[in-house]
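So the sequence shown is residues 645 to 772, counted in the working numbering.
Report on the following structure.
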Amino acid sequence: MRRLAAATAALFLIGNTCSTPSASPSPSLAPIDGGWPPVVSHPIQSNEAPITGRVQHANGSPAPHYCVILTGGPCAVTTDASGNFTTSFLPGFAITLVIKGAFDGTDGPVVATQTVTAGGPPINVTVP
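Next up, the structure:
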């Protein structure tokens, strides 16, 4: 009888411990890494103008290692740990930047696009 009472008490304590709601975690502002291998911009040539900017998540945290493509083709440059990037194109021409995240080894989903003009002010791109 003592064993049964002890076992029942132990189960009661375990059940209460497991069913006690835990505090929900606070939202994290840790960056969500896109996972793209680093690609740095080539030196800007005399016939080119810079395109600079920052890619960030909706909560304001940086989007590190996201791929920035100039309209189409391969990844032109990746964002750094702070979400910043620099690339270049012919001055005065509008170009669409395609931002890809969540590298899976071959490609990643397009998470944002933005049309810019090379030589213009730095841009901010928000991704999910």
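Each residue gets a CB set at the ideal place from its N, CA and C atoms; glycine is no exception.
Next on the checklist: Relative to the C-alpha of A738, which candidate in V684, T715, P706, A720 has its C-alpha closest?
Outcome noted: By one-based count along the sequence shown, residue 738 stands at place 94. Answer by Cα proximity: T715.
Next on the checklist: So for L741, helix, strand or coil by DSSP?
Outcome noted: Translated into the one-based positions of the sequence shown, residue 741 becomes position 97. Strand, per DSSP.
Next on the checklist: Check whether the region 725–736 and the region 692–704 touch, using three or more Cβ-Cβ pairs below 8 Å as the test.
Outcome noted: yes
Next on the checklist: Quick check: what's the CA-CA separation for L741 versus V683?
Outcome noted: Your numbering for residue 741 matches position 97 in the sequence shown. Your numbering for residue 683 matches position 39 in the sequence shown. Going by the C-alpha atoms only, they are around 15 Å apart.
Checklist entry - DSSP on A693, reduced to helix/strand/coil? => result By one-based count along the sequence shown, residue 693 stands at place 49. In this structure, A693 counts as strand in the three-state DSSP scheme.
Next on the checklist: Comparing C-alpha positions only, which one of S690, I743, Q700 sits nearest to W680?
Outcome noted: As a position in the sequence shown, residue 680 is number 36, starting the count at 1. Residue I743 is the option with its Cα nearest to W680.
Item to check | Proximity below 7 Å, CB of A707 to CB of V771 | outcome: Counted from its first residue, the sequence shown places residue 707 at position 63. Counted from its first residue, the sequence shown places residue 771 at position 127. Yes; because the gap between Cβ atoms is below 7 Å, this pair is in contact.
Checklist entry - Which partner residues does F747 have in the DSSP bridge list? => result The count along the sequence shown starts at 1 and reaches residue 747 at position 103. Answer is none; F747 lacks a bridge partner.
Checklist entry - Roughly how many angstroms separate the alpha carbons of I688 and C711, rounded to a whole number? => result Mapped onto the sequence shown, residue 688 falls at position 44. Mapped onto the sequence shown, residue 711 falls at position 67. So the two alpha carbons sit approximately 19 Å from each other.
Item to check | Spatial distance of G709 from N691 (CA atoms) | outcome: Against the sequence shown, residue 709 aligns to sequence position 65. Against the sequence shown, residue 691 aligns to sequence position 47. Sequence inspection shows His at residue 709; the Gly mentioned does not correspond to that position. Their backbone Cα atoms lie some 28 Å apart in a straight line.
Checklist entry - What separation, rounded to the nearest whole angstrom, lies between the Cα atoms of V699 and G736? => result The residue you call residue 699 lines up with position 55 of the sequence shown. The residue you call residue 736 lines up with position 92 of the sequence shown. Spanning the two alpha carbons is a distance of roughly 22 Å.
Checklist entry - Taking buried to mean at least 16 other C-beta atoms within 10 Å of its own C-beta, is G717 buried or exposed? => result Translated into the one-based positions of the sequence shown, residue 717 becomes position 73. Flag for G717 reads exposed.
Next on the checklist: Restricting to Cα atoms, I'd like to know which of D677, V721, D751, A720 is closest to S705.
Outcome noted: Position 61 of the sequence shown, counted from the first residue, corresponds to residue 705. Of D677, V721, D751, A720, the residue nearest in Cα terms is D677.
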